[in-house]
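Note sheet for the following structure.
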Amino acid sequence: MSNTPNANRRKFLRQASAAVAAIPVVSLVGMPAASAAEQAEDGHAHHYVNDAADSDHPDYAAGEKCKNCAFWGGGDAQWGQCFHAEFQGVQVNADGWCDAYVGS
Ligand code: SF4
């Protein structure tokens with residue numbers, strides 16, 4: 029007989045195991061990766077450019093880059109955080125520049 033207490037118990041344990049095993053998969057679906065922040069494009073704000081050498085802005089001086097700006101919040105070798113209000117939610121290029129640059 030398949031509806032014995034032991035059979036029901038085995039069925040419950042199989043379903044519970046499957047449910048527990050599925051939790052990590054379900055919890056990862058739809059989660060953005062930590063590194064998925066949007067990257068700023070040229071012209072984002074304040075005449076931003078991803079490569080400071082591309083700037084023809086009169087305030088730009090050679091050697092000024094996001095990675096040595098007071099607003100630079102750190103990141104990896106290429107992209108990082110800028111604490112300036114106009115750059116919230118995007119990463120800026122370490123070699124980028126904008127006219128809000130402040131030497132650090
Ligand atoms: S404020 Fe500084 S770190 Fe931010 S985008 Fe402009 S130059 Fe780069």
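Using the numbering used here, the first residue of the sequence shown is number 29, and each one after it goes up by one.
Glycine is no exception: its CB is placed at the ideal position from the N, C-alpha and C atoms.
Item                                                                                                    : Value
The region 66-83 in contact with the region 96-104 per 3-pair CB rule at 8 Å                            : no
Cβ-based neighbour list, A49, same chain, cut-off 6 Å, excluding 5 preceding and 5 following            : In this prediction, A49 has a pLDDT of 49, which is less than 50 and means its spatial position is unreliable; nothing more can be read from the coordinates.
Rounded C-alpha distance that separates V120 from V77                                                   : 9 Å
Buried versus exposed call for F115 [16 or more other C-beta atoms within 10 Å across all chains shown] : buried
Run of the beta strand (DSSP E) containing C110, from where it starts to where it stops                 : 107-110
Near the ligand SF4: V120 beta-carbon under 7 Å from a heavy atom                                       : yes
Close Cβ partners of E69 (< 6 Å) along its chain, the five nearest in sequence each way excluded        : none
Whole-number beta carbon distance between H75 and D127, since they are thought to touch under 8 Å       : 5 Å
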